[in-house]
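The structure appears below as structure tokens.
Structure follows, in structure tokens:
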């Protein structure tokens, strides 16, 4: 089946490429699409994706985000998952969004380098280096480029907004307001995107310093852009207020990142010290770098000034939580690619100033102990499965040993329940919700949500008021939900185990009365 699908896909790509002119950008886009084909056949295995799709299913069934079903990101990623409806279409939307990002980044690089001190004869080479770097490192599984996470989706509105701003012939209020609404989409994917937008504000003020009139103009531009950013966010606030979910949305969807910062300690200090010391240190590095760029602004061209500001703000956003997840690095790949192109192709008077920024980046990777995912084995696994050299279970097991069991259990649940039946999973198994397209009785989809966000009493109340047809218990789950076992024994009957997952089924009131006699 997968082999015939691949033949059809390659056939369509071949027909498409024959109709377009072969250029460096088309070759890069073709490579991106080629490398992303295995993504379309990935199973439900990655927790965050499963949570997005579960909340998306909740939206499709009429639930209100944050009030009826919960996670702690802004709404756009869940709405996108609701449109997708399945992992295949979610990955397909990722392919479309990322391909558009690659194309627009290429155009942005062309625009920026034309206005830089890079020699004209080297500009095409610089664009190819920056564009290829961005395309490769946001696509490969190394940095989780294969995962439908907010960091990769939000790159499109950020790059599109910058391309729009730097292409404006007249920076009118209306035009900058529109640019702000484009940027706002990035914030509605994930709040730290606002830091990258802040780089543009700082750039305008640094390049206007020394002239009152220019500073006034920079302020008016920032006001128009900022108003454009805030307007769609304000619309979402009004919407969730009308749905009775204002406090939930503000605390979970928009403000959660401020508490999130303190939830992970730096590698060498205690948690309290990490927040007060390490976070302060990162902020100090940001401020000192901006000050240094202010002092250097007459020695470097405006392109290098902006790219450097974009880089340092994106780096601060990447390190905001202090967590070493590879997909956080994706947020900095665009300005990093531009800096790399300037380092290789810029004039000697300019390229020197990129070196400290690269050192800061490398030091950050080492200090926070960022890891990467395997890339070669990912493609080997796919190709082996595509040609029939691997069984379906072996293919699934590559991603996680528990996934074959997850698929069998999800099929069992789907056969044994109706679409409106609820199930409850105690553990971190959101893939079961997403695969079976069944929802929990309460707001929370994982045990760590229940535990970390104070949802124990609320969850027990939801179980009492809306008893799920099945309850699944992961026997390896170390977190405890007090009251779950007594509730389970009083109203459910044990059926069987799927690996470490116990399956319990609700029994009717008549049987409960009979058993209680």
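Residue numbers (the numbering used here): 5 to 521.
Note that CB positions come from ideal geometry on N, CA and C, so glycine has one too.
These numbers were taken from a predicted model, which means no experiment stands behind them.
Could you check what DSSP says for residue i in three-state terms: helix, strand or coil?
{"i": "residue 172", "result": "coil"}
{"i": "residue 508", "result": "strand"}
{"i": "residue 502", "result": "strand"}
{"i": "residue 355", "result": "helix"}
{"i": "residue 496", "result": "strand"}
{"i": "residue 428", "result": "strand"}
{"i": "residue 485", "result": "coil"}
{"i": "residue 264", "result": "Model confidence at residue 264 stands at a pLDDT of 49, short of 50, so the residue's coordinates are unreliable; what they give is reported in the following sentence. Looking at residue 264 - three-state DSSP - the assignment turns out to be helix."}
{"i": "residue 271", "result": "At residue 271, the pLDDT of 42 sits below 50, so the modelled position is not reliable; the number obtained from the coordinates is stated separately. In the structure shown, residue 271 sits in coil (DSSP, three-state: anything other than H, G, I, E or B)."}
{"i": "residue 55", "result": "helix"}
{"i": "residue 329", "result": "coil"}
{"i": "residue 455", "result": "helix"}
{"i": "residue 150", "result": "coil"}
{"i": "residue 304", "result": "coil"}
{"i": "residue 402", "result": "helix"}
{"i": "residue 122", "result": "coil"}
{"i": "residue 349", "result": "helix"}
{"i": "residue 43", "result": "helix"}
{"i": "residue 69", "result": "strand"}
Check the C-beta distance from residue i over to residue j and give it rounded, since I have them as a contact under 8 Å.
{"i": "residue 504", "j": "residue 479", "result": "5 Å"}
{"i": "residue 540", "j": "residue 364", "result": "Given that the chain is displayed from residue 5 to residue 521, the structure contains no residue 540 and the question cannot be resolved."}
{"i": "residue 29", "j": "residue 135", "result": "7 Å"}
{"i": "residue 476", "j": "residue 429", "result": "5 Å"}
{"i": "residue 439", "j": "residue 48", "result": "5 Å"}
{"i": "residue 460", "j": "residue 485", "result": "6 Å"}
{"i": "residue 230", "j": "residue 184", "result": "6 Å"}
{"i": "residue 64", "j": "residue 88", "result": "Not confirmed; about 10 Å, so no contact."}
{"i": "residue 523", "j": "residue 417", "result": "The structure shown does not extend to residue 523, since the chain spans only 5 to 521, so no value can be given for it."}
Label residue i either buried or exposed according to how many other C-beta atoms from any shown protein chain fall within 10 Å of its C-beta, with 16 as the threshold for buried.
{"i": "residue 169", "result": "buried"}
{"i": "residue 40", "result": "buried"}
{"i": "residue 472", "result": "buried"}
{"i": "residue 353", "result": "exposed"}
{"i": "residue 216", "result": "exposed"}
{"i": "residue 396", "result": "exposed"}
{"i": "residue 373", "result": "exposed"}
{"i": "residue 405", "result": "exposed"}
{"i": "residue 77", "result": "buried"}
{"i": "residue 125", "result": "exposed"}
{"i": "residue 176", "result": "exposed"}
{"i": "residue 356", "result": "exposed"}
{"i": "residue 239", "result": "exposed"}
{"i": "residue 419", "result": "exposed"}
Considering only the beta carbon of each residue, do residue i and residue j sit closer than 8 Å?
{"i": "residue 330", "j": "residue 315", "result": "no"}
{"i": "residue 73", "j": "residue 84", "result": "no"}
{"i": "residue 80", "j": "residue 192", "result": "yes"}
{"i": "residue 152", "j": "residue 53", "result": "yes"}
{"i": "residue 437", "j": "residue 146", "result": "no"}
{"i": "residue 105", "j": "residue 163", "result": "yes"}
{"i": "residue 413", "j": "residue 502", "result": "yes"}
{"i": "residue 166", "j": "residue 219", "result": "no"}
{"i": "residue 451", "j": "residue 489", "result": "no"}
{"i": "residue 345", "j": "residue 133", "result": "yes"}
{"i": "residue 411", "j": "residue 42", "result": "no"}
{"i": "residue 434", "j": "residue 467", "result": "no"}
{"i": "residue 336", "j": "residue 156", "result": "no"}
{"i": "residue 57", "j": "residue 95", "result": "no"}
{"i": "residue 199", "j": "residue 321", "result": "yes"}
{"i": "residue 131", "j": "residue 114", "result": "yes"}
{"i": "residue 252", "j": "residue 70", "result": "yes"}
{"i": "residue 107", "j": "residue 182", "result": "no"}
{"i": "residue 319", "j": "residue 381", "result": "no"}
Using C-beta distances below 6 Å, list every residue in its chain close to residue i, excluding the 5 sequence neighbours before and after it, in chain order.
{"i": "residue 207", "result": "310, 313"}
{"i": "residue 268", "result": "For residue 268, the predicted model reports a pLDDT of 42, less than 50, meaning its position is unreliable; a value from the coordinates is still stated below. Only 325, 326, 327 meet the Cβ criterion."}
{"i": "residue 280", "result": "At residue 280 the pLDDT is 41, less than 50, meaning the model places this residue with poor confidence; the figure from the coordinates comes in the next sentence. So no residue of the chain qualifies."}
{"i": "residue 144", "result": "379"}
{"i": "residue 389", "result": "399"}
{"i": "residue 91", "result": "48"}
{"i": "residue 222", "result": "208, 209, 212"}
{"i": "residue 301", "result": "210, 309"}
Leaving out five residues before and five after residue i in sequence, what residues of the same chain have Cβ atoms less than 7 Å from its Cβ?
{"i": "residue 226", "result": "205, 208"}
{"i": "residue 497", "result": "508, 509, 511"}
{"i": "residue 190", "result": "158, 161, 162, 197"}
{"i": "residue 423", "result": "441"}
{"i": "residue 180", "result": "225, 228, 229, 232"}
Under 8 Å Cβ to Cβ from residue i, same chain only, skipping five residues before and after it: list those, please.
{"i": "residue 481", "result": "430, 431, 432, 451"}
{"i": "residue 234", "result": "184, 188"}
{"i": "residue 274", "result": "Note that residue 274 scores 39 on pLDDT, short of 50, meaning its location in the model is unreliable; the coordinates nonetheless yield the value given after this. There are no such residues."}
Check whether the Cβ of residue i sits closer than 7 Å to any heavy atom of the ligand GDP, and report yes or no.
{"i": "residue 503", "result": "Ligands are entirely absent from the displayed structure, and the ligand GDP is therefore not among its contents."}
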